[in-house]
Every structure is written in C-alpha cells, then in structure tokens.
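> Residues in the sequence shown are numbered consecutively from 1, following our numbering. My questions all concern the structure below.
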Amino acid sequence: MRTVYGKVTVRSPRLWSCACQQTSSSPRLVIHPLSKALPSRVTPELEYLQAKWVAHLPYRQATDMLKEVLPLDKVISFSGTRDWIRVLGMQIDADIERDIVKLPRAVAGERVRESTNVAAVSVDSAWLRHCDSIGGQGRHVNIVAGRATFADGPPKLYAYVSKEVTSAGARLDQFLSRNGVSTDERVTLISDDAGEFNKAVEGSQLARGRILDWFHIAMKFKAAQRSVPGSKMIGSLERESVETEIEHAKWLVWHGKSSKAVGRLKALDDR
C-alpha cells in the first residue's frame, strides 16, 4: 500500500461467506474488506496531499516537491498523479450533478431578500490554451471561475470548463445553495462586461443584480489612454490634455459621479 511514508506492506484478510448460504448456483464468496475500503491501494492522506499541491503547482512540479519532502521516490509519479486528479475531478463533478438534481425550486411570486450569508459573488472567465485539437474541441478552452465573499468567514471558490457542464446557471445555484443561500434569497454578482458572463448565470434562480467591477472599468480607461499616442486624429500638442481628461473621467466614475464622467467623455469626443 502507498502511504505518505512510502510503500507499506499490510496484511489483507480474506473472509469467506457462510457455508450455509452456499448453493449449487451460488458458490461461497470471498470478501476483501481492505480492498473495498482502499480500492486504489493509496491512503487518503497521500491522495489529499497530491490533490492539494496539484491545485497550486503543475503536475510534474507537485510530484517532484512531494518526493523531495517525503519518502515517495518509488511511490508516486507524474502520470499517476495526473490520472488520480482526473478521477478525483470526475468524482467531484458527479457529486455536483447529484446535488443539482436535489436543488429546491424557487416558488413563483415568493418575496425575495438579499442573502445574509453571501455578500457577493465575483465571476470571471478566461481562455486557456489546449494541448492539441482533439475531437473537434479546438485549441482553447473557456474556464469560468467564481469567488464568493461571505459576511463572516473566508471566501470560497468554484470553477468549471464551459463546454463540460450542461447548465452553468445550475452550477452557480448549487454552489450558492451549498453555502447557505435559500430559495427566497438572492445574491449580487460582480463581473466584467464579457459575453461569457451571460452564459455563466443564464438560468440561475439565486443570482440577481450585476455590478461591473472596478478592475475592468479601469482597464477600459487605460486602453483609451494608450490609444491616444498612436492616434492620427489627435495633434501632438493635444495628447497630454486628452490623456488628462480621460484620467479625470475615470476618477469621477470611482467617486460615483458617472453622469459627469459621461459628459466629459462626450465633450472630448466632440472636439
């Protein structure tokens, strides 16, 4: 058996079923309790450490690190760790799908209130390079990740690959329900302005409201400022004043004076 202390030999008793249950059509059965408890012949402690460090490091680096600090030189491998994490991911997905089936349905016309447990959920997405184009999947995969902020306690995360789930909204509801949001409560979402956001919350019963987060707002202003030096329509003497106006408009938005910011930007566009 593979443990955090290396390979350990463990006696595994074989138990025979009672002879009184034996018939001509059903012979006596042999039961291995240890094999049923640990079918992969790996202790839960080692599986936990593999899963924990693979969440922070690439497979190969996580495996090398565990081999360095624990006597696991001939116990774990890069490919074995990768295969185990894949199995673990499938188990987690199966558990989530079972939870989704059991989710309570919201009652039409029921009065709703803001969640007292979950303050907000930040949702974002990214495109990651796929190893190869296999089975028409393409060379990139879209990853959606969410971070829930609680009134009391540390934040929690959830994530999935867009094409691998049947309902993104159901995934969000399962995550919120598991963290104490009831059917008569709603949670505000914070996101960017990307089209993937609508797909991430479509069909959700527990999400309402949407706040465009400041990071992505500031990125829009930064992109506008960077476009000024290369613009042929803005004279070299005007560029500094245009950049200053954009900067002032950004801070007007920060202080909640969005109407004044829009006025400044429109005046800038009319020059």
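Note that the Cβ used here is the ideal one computed from N, Cα and C, for glycine as well. Owing to the predicted nature of the structure, the values given are computational and were not obtained by experimental measurement.
Along the chain, where does the alpha helix (DSSP H) that runs through Glu68 open and close?
Run containing Glu68: 59-69, per the alpha helix (DSSP H) assignment.
> Check for me: the beta strand (DSSP E) holding Ile217 runs from which residue to which?
From DSSP, Ile217 is part of no beta strand (DSSP E) but of the alpha helix (DSSP H) over 214-227.
> Please state if the CB of Gly146 and the CB of Tyr158 are separated by a distance shorter than 7 Å.
Cβ distance < 7 Å, so Tyr158 and Gly146 count as in contact.
> Is the beta carbon of Ala249 less than 7 Å from the beta carbon of Leu265?
Yes, these two residues count as a Cβ contact at 7 Å.
> Assign His140 to one of three DSSP states: helix, strand, or coil.
Correct three-state label for His140: strand.
> Kindly indicate which residue of Tyr160, Arg41, Ser177 has the alpha-carbon position closest to the one of Lys102.
That would be Ser177, whose Cα lies nearest to the Cα of Lys102.
> Pull up the CB-CB distance for Arg271 and Asp184, whole angstroms please, since I reckon it's below 8 Å.
Contact doesn't hold; Cβ gap of about 52 Å is too wide.
> How about the stretch 76-93 and the stretch 114-127: do they share at least three Cβ pairs that are nearer than 8 Å?
They do not touch, by the three-pair rule.
> From Val165, Phe175, His140, pick the residue whose C-alpha is nearest to that of Ala148; which is it?
Out of Val165, Phe175, His140, Phe175 has the C-alpha closest to the C-alpha of Ala148.
> Near Ile31, what residues of its chain come up, given a Cβ to Cβ distance below 6 Å and the 5 sequence neighbours on each side ignored?
Hits under 6 Å: Leu15.
> Check each candidate in Gln91, Ile217, Arg171 and name the one with the smallest Cα separation from Ser291.
For residue 291 there is no data in the structure shown, the boundaries of the chain being 1 and 271.
> Three-state secondary structure (DSSP) at Asp95?
DSSP places Asp95 in helix when its eight states are reduced to three.
> Would you check if the distance between the CB atom of Ala200 and the CB atom of Val253 is smaller than 7 Å?
In this structure, Val253 does not lie closer than 7 Å to Ala200 by Cβ.
> Using the beta-carbon count (16 or more within 10 Å), is Ala352 buried or exposed?
What is shown of the chain runs 1 to 271, which leaves residue 352 out entirely.
> Given this structure, state the Cα-to-Cα distance separating Pro229 from Ala267, to the nearest angstrom.
The alpha-carbon atoms of Pro229 and Ala267 are separated by roughly 19 Å.
> Between which two residues does the alpha helix (DSSP H) containing Ile190 stretch?
That residue, Ile190, is in no alpha helix (DSSP H); its beta strand (DSSP E) goes 185-191.
> Does DSSP put Glu247 in a helix, in a strand, or in coil?
Three-state result, Glu247: helix.
> Along the chain, where does the beta strand (DSSP E) that runs through Tyr160 open and close?
Run containing Tyr160: 156-161, per the beta strand (DSSP E) assignment.
> What residues are listed by DSSP as bridge partners for Ser115?
Answer is none; Ser115 lacks a bridge partner.
> Could you pull the start and end residues of the alpha helix (DSSP H) that Asp269 belongs to?
Start and end: 258-269.
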